[in-house]
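**Student:** Counting in this note's numbering, the first sequence runs from 515 upward without gaps.
Backbone N, C-alpha and C define an ideal beta-carbon position, used for all residues, glycine too.
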Amino acid sequence: MATIQNIKGMRDHLPQAMLLRQHIVTTLQQVCERYGFEPLQSPVVEYAEVLEGKLGDDEKLIYRFEDHGGRRLALRYDQTVPLARVVAQYAGQLAFPWRRYAYGPSYRGERPARGRYREFYQFDADIVGSPSPLADAEIVALLSESLAALGFPDFVTLLNHRQIIGGIARISGLDETAAGGVYRAIDKFDKLGADGVREELLRSGVDPAAAEQILALVQIEGEPQAVLDELDARLANDERAVAAVVNLRAIVAALAGLGIPAARYTIAPRLARGLAYYTGLVFEAITPHWPEGSLLGGGRYDELIGQFAKRSIPTVGLAFGIDRLHDVMEQLKIGPQPTGTAVAFVTIFGPEQAQASMALASELRAAGLNTLLSLEPNAGLGKQFKEADRKGARFALVLGPDELAQGDVVVKDLRSGTQESVARGAVVEWIGNSLNLSTATP
RNA sequence: GUGCUUGUAGCUCAAUGGCAGAGCGCCUGACUGUGGAUCAGGAAGUUGCGGGUUCGAGCCCCGUCAGGCACCCCA
C-alpha cells in the first residue's frame, strides 16, 4: 500500500494558505513590474554540473539523481545559478541591463524547521549586466517597497559589502582563505553577543588582539554616513575595503534619491551571508517579530555568470522567501485574511427554479463576478445560505416563485445581514455598486 | 547530518500500567422561503506505524515515520 503522506520538509498548501501565498506573489509581481522587471521561468531540474562549484560548502545539500539515460541531474538549489546559465545561453537575445523576476520552488536537503523547508518557494529579482551602484540601490528600493506593500509594519534592511568583511579579516592579519570561521562568527553577533563571538573567534584560531579589533569593527552602528566614515578611517590601509566604502556611499545616496525612508536600512558590518558567489553589496531584511532568520537576502555577484559566459556580467539581485513571508504574515496577522474567492452565491429554490438560477449565475459570471452556484436544488435555503457563508461569499441571491413572478431577485448582503429585492435586469449593476461603496468606505 | 522533545476524534488538548474523554468543529432537527446567534439530538478513534515487556500498554522499552527546538546553515 502506498504511504499516504507528503515528503518530509515538503508541504501541501491547502486553499486558505494558497490565497495568502498568491496575494504575496501577486503583490511582489506588481512591484517588480512597476520597476520595469520582466518575467522568466526556467526548469526545476538542471544538469548537476551546472550547480556544482558555485555554492561552496552548501553543495552537500543539493538533491542529485540520475535519469533513465544515466545523466547526472539535480534539483535547483536557488534561482540564481539557473539565471546565470540562462543568461550565458541566451546572451545574444537579451538586452542588457536586463531586469528579470522569477517565481518557483527550489530544493535543499536540510533538516526542516519553522520557516525552513526542503521544498521552498522563492521570488527572485535581479538586474543583470550593470555594475552601477544605482542597480544595487534599485534592488534595495524594490525590496523596501515590496515589504511595505505587503504590510510589514517594521523591518530593516541590513547592508554590507563583501570587501568590508574581507577588509576586517585582512586588517586583523588573517588570510582570506582561512577567514571562513571568522565570517561565521561575525554573522552570529546578534545571537551570541560580543562575548560569544569573541569566544568563537578565539576558538577558530584568531589571536586575542585581532579578535578585539574585529569585535570593535563589527559593532560600529549609527547613521549610514557615520558608520561609513568610521569604517573608512579604520580600514584606510586596505584598498579594497576603501573602495567598498565608496561603493556603499553611492548606494546609500541613491536610496535617499529614490525616496526610501532612512529608517528602512542601515549599514551593518556584522552581516556576512554564506553563499560563496557574492562579490560586492550583501543585504538581508529582518523584522523583530521573526528571530529565526531573515525574510529575504541578496547581493551582488559579478563573477558568477562569467563562469558560464565567456565575459563577466555583473549582476545584483535578491530572493524573497515566500514560505517565510507567509509564516510571518500569518503569525502577525498582516495582509488580507481571505476565506474564499467568491463574491456571489446563487441559491436554487427548487427543481422548478433551477434553470432560472443557472441563467442568473451565468450572467453574473459573464459580468466578471466570481460566482458560486448551489449544486443542490433539493436542499433547503438554510443549508444553501450556510454554504454561501462558509465560502466567504458576500452576497446570497434567491430566485423563488415570487421573484420569478415579479421579475426580481432577492439579494442578501451576508456581511450586514440586510437584503432587498432588485429588478432582475439590474442585479449586476446593484452588486457592482455595493462593492464599490464598501471599498470606498471600509 | 548530530542532540533533545512531541505524536490520543477534523482542530486544541485530558486520561496513577486497569472501561479512551472534554471543548470547539462536523451532521440532523427545532425556526417564518434565509447563514453567522440559541436549544435538542447524532456521527466520529486499530491512541502515527511496527515490534517487545506485562495478567493487562495511550502510558514502560526498542525501531521507524512525521512535527517542534538547539547545533549547522539559510529563504
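Using beta-carbon positions only, say whether V559 and R599 come within less than 9 Å of one another.
**Tutor:** As a working mapping, residue 559 is identified with position 45 in the first sequence. As a working mapping, residue 599 is identified with position 85 in the first sequence. Taking 9 Å as the Cβ cut-off, V559 and R599 do not qualify as a contacting pair.
**Student:** To test your reading of the DSSP string, which unbroken alpha helix (DSSP H) runs of 4 or more residues are found completely within the segment 883–946?
**Tutor:** As far as the segment 883–946 is concerned, its whole alpha helix (DSSP H) runs of at least 4 residues are 895–904, 915–920.
**Student:** Evaluate the contact criterion for the segment 752–765 versus the segment 678–689: three or more CB pairs, one atom per stretch, below 8 Å.
**Tutor:** Judged by Cβ distances under 8 Å, the segment 752–765 makes contact with the segment 678–689, as three or more pairs qualify.
**Student:** Work out the CA separation of G719 and G710 for me, nearest whole Å.
**Tutor:** On the first sequence, residue 710 is found 196 positions in, with the first residue counted as 1. On the first sequence, residue 719 is found 205 positions in, with the first residue counted as 1. Between G710 and G719, the C-alpha separation is close to 15 Å.
**Student:** Would you list the residues sitting across from A663 in a DSSP beta bridge?
**Tutor:** Against the first sequence, residue 663 aligns to sequence position 149. Note: A663 sits in no beta bridge, so no partner.
**Student:** Exposed or buried, what is N884 when buried is set at 16 or more other beta-carbons lying within 10 Å of its beta-carbon?
**Tutor:** On the first sequence, residue 884 is found 370 positions in, with the first residue counted as 1. Answer is exposed; the Cβ neighbour count stays below 16.
**Student:** Does the distance from the C-beta atom of L587 to that of Y561 stay below 9 Å?
**Tutor:** The residue given as residue 587 occupies position 73 in the first sequence. The residue given as residue 561 occupies position 47 in the first sequence. Yes, they are a contact pair.
**Student:** Which residue comes first and which comes last in the alpha helix (DSSP H) that contains Y733?
**Tutor:** One-based indexing of the first sequence puts residue 733 at position 219. The sequence given here has Gln at residue 733, not Tyr. Unbroken run through Q733: none, as it is neither H nor E.
**Student:** Could you have a look at R630 and say whether DSSP puts it in helix, strand or coil?
**Tutor:** For the purposes of this step, residue 630 is taken as the residue at position 116 of the first sequence. Three-state result, R630: strand.
**Student:** Where do the ends of the alpha helix (DSSP H) carrying G771 lie?
**Tutor:** Here residue 771 refers to the residue found at position 257 when the first sequence is read from its first residue. Element bounds for G771: 753–771.
**Student:** Note down, in chain order, each residue of its chain lying with its Cβ closer than 6 Å to the Cβ of P738, except the 5 sequence neighbours on either side.
**Tutor:** Walking along the first sequence from the start, residue 738 turns up at place 224. If we look at P738 and ignore the five residues flanking it on each side, its Cβ neighbours are V766, I781.
**Student:** Work out the CA separation of E552 and Q544 for me, nearest whole Å.
**Tutor:** Translated into the one-based positions of the first sequence, residue 544 becomes position 30. Translated into the one-based positions of the first sequence, residue 552 becomes position 38. Approximately 11 Å, taken between the alpha carbons.
**Student:** Label L785 either buried or exposed according to how many other C-beta atoms from any shown protein chain fall within 10 Å of its C-beta, with 16 as the threshold for buried.
**Tutor:** As a position in the first sequence, residue 785 is number 271, starting the count at 1. Label assigned to L785: buried.
**Student:** Any idea which residues DSSP pairs H675 with across the strands?
**Tutor:** For the purposes of this step, residue 675 is taken as residue 161 along the first sequence, with counting starting at 1. In DSSP, H675 forms a bridge with L795.
**Student:** Tell me the DSSP secondary structure of R578 in three-state form.
**Tutor:** Counting from one through the first sequence, the residue named residue 578 turns up at place 64. Strand.
**Student:** Could you give the C-beta distance for Y615 and A639, rounded to a whole number, given that I count them as a contact under 8 Å?
**Tutor:** Here residue 615 refers to the residue found at position 101 of the first sequence. Here residue 639 refers to the residue found at position 125 of the first sequence. So it is a contact: roughly 5 Å between Cβ atoms.
**Student:** Applying the criterion that 16 or more other CB atoms from any shown protein chain within 10 Å of the CB defines a buried residue, is K568 buried or exposed?
**Tutor:** By 1-based counting over the first sequence, the position of residue 568 is 54. With 16 or more other Cβ atoms within 10 Å, it is buried.
**Student:** Could you tell me the distance, in whole angstroms, from the CA atom of R585 to the CA atom of D572?
**Tutor:** Here residue 585 is taken as the residue at index 71 of the first sequence, counted from 1. Here residue 572 is taken as the residue at index 58 of the first sequence, counted from 1. Approximately 22 Å between the Cα atoms of the pair.
**Student:** Answer yes or no: do I641 and P611 have a C-beta to C-beta separation smaller than 9 Å?
**Tutor:** Counted from its first residue, the first sequence places residue 641 at position 127. Counted from its first residue, the first sequence places residue 611 at position 97. In contact: I641 and P611 (Cβ atoms closer than 9 Å).
**Student:** I'd like to know whether the C-beta atoms of G835 and Q536 end up nearer to each other than 9 Å.
**Tutor:** As a position in the first sequence, residue 835 is number 321, starting the count at 1. As a position in the first sequence, residue 536 is number 22, starting the count at 1. Cβ atoms of G835 and Q536: not closer than 9 Å.
**Student:** Would R861 and Q898 qualify as a contact pair, given that the criterion is a beta-carbon distance under 9 Å?
**Tutor:** Along the first sequence, one-based indexing puts residue 861 at 347. Along the first sequence, one-based indexing puts residue 898 at 384. Looking at the sequence provided, one finds Thr at residue 861 rather than Arg. Closer than 9 Å, so yes.
**Student:** What whole-angstrom Cβ distance do Q555 and G618 have, given they're in contact under 8 Å?
**Tutor:** Here residue 555 corresponds to residue number 41 of the first sequence, with the count starting at 1. Here residue 618 corresponds to residue number 104 of the first sequence, with the count starting at 1. That pair is a contact at about 7 Å.
**Student:** Put L608 into one of helix, strand or coil per three-state DSSP.
**Tutor:** Working through the first sequence from its first residue, we reach residue 608 at position 94. Residue state, collapsed to three classes: coil.
**Student:** Buried or exposed: where does N532 fall if 16 or more other Cβ atoms within 10 Å of its Cβ makes it buried?
**Tutor:** Here residue 532 is taken as the residue at index 18 of the first sequence, counted from 1. First, the amino acid is wrong: residue 532 is Met here, not Asn. Exposed.
**Student:** Do you know offhand how far M843's Cα is from K905's?
**Tutor:** Reading the first sequence from its first residue, position 329 is the one you call residue 843. Reading the first sequence from its first residue, position 391 is the one you call residue 905. So the alpha carbons of these two residues sit roughly 22 Å apart.
**Student:** Measuring alpha carbon to alpha carbon, tell me which of R578, P557, L608 ends up nearest P596.
**Tutor:** As a working mapping, residue 596 is identified with position 82 in the first sequence. Of R578, P557, L608, the residue nearest in Cα terms is P557.
**Student:** Only counting the same chain, and skipping five residues up and downstream in sequence, which positions put a Cβ closer than 6 Å to that of S948?
**Tutor:** Position 434 of the first sequence, counting from 1, holds the residue named residue 948. Once the five neighbours on either side are set aside, S948 has no close Cβ partner at all.
**Student:** At a cut of 8 Å, does the segment 806–814 reach the segment 822–830 through at least three beta carbon pairs?
**Tutor:** The segment 806–814 vs the segment 822–830: in contact.
**Student:** Tell me which same chain residues have a C-beta within less than 6 Å of the C-beta of F859, skipping the five on either side of it?
**Tutor:** The count along the first sequence starts at 1 and reaches residue 859 at position 345. If we look at F859 and ignore the five residues flanking it on each side, its Cβ neighbours are L886, A902, A907, A910.
**Student:** Starting from the Cα of L913, find the closest Cα among F863, G896, R929 and give me that residue.
**Tutor:** Here residue 913 refers to the residue found at position 399 when the first sequence is read from its first residue. Of the candidates F863, G896, R929, the one whose C-alpha sits nearest the C-alpha of L913 is F863.
**Student:** Considering T780, what are the terminal residues of the beta strand (DSSP E) in which it resides?
**Tutor:** Locating residue 780 in the first sequence gives position 266, where the first residue counts as 1. Where T780 is concerned, the enclosing beta strand (DSSP E) stretches over 779–781.
**Student:** Assuming W944 and V924 make a contact with CB atoms under 8 Å, what is their CB distance in whole Å?
**Tutor:** Within the first sequence, the letter at position 430 stands for residue 944. Within the first sequence, the letter at position 410 stands for residue 924. Wrong, their Cβ atoms sit about 11 Å apart, outside the cutoff.
**Student:** Buried or exposed, going by whether 16 or more other CB atoms sit within 10 Å of the CB of N892?
**Tutor:** Taking the first sequence and counting its residues from 1, one reaches residue 892 at position 378. Exposed: under 16 other Cβ atoms inside 10 Å.
**Student:** Of all the beta strand (DSSP E) runs that stay within the bounds of the segment 794–858, which reach a length of 3 or more residues?
**Tutor:** If we require 3 residues or more, the beta strand (DSSP E) runs fully inside the segment 794–858 come out as 795–800, 810–814, 829–835.
**Student:** Measure how close the beta-carbons of G807 and G629 come, nearest whole angstrom, since I'm counting them as under 8 Å.
**Tutor:** What you label residue 807 is simply residue 293 of the first sequence in a count that begins at 1. What you label residue 629 is simply residue 115 of the first sequence in a count that begins at 1. Confirmed, about 6 Å.
**Student:** Considering only C-alpha positions, which residue in the set V732, I685, P722, V539 is nearest to K702?
**Tutor:** Locating residue 702 in the first sequence gives position 188, where the first residue counts as 1. Ranking the options by Cα distance to K702, first place goes to V732.
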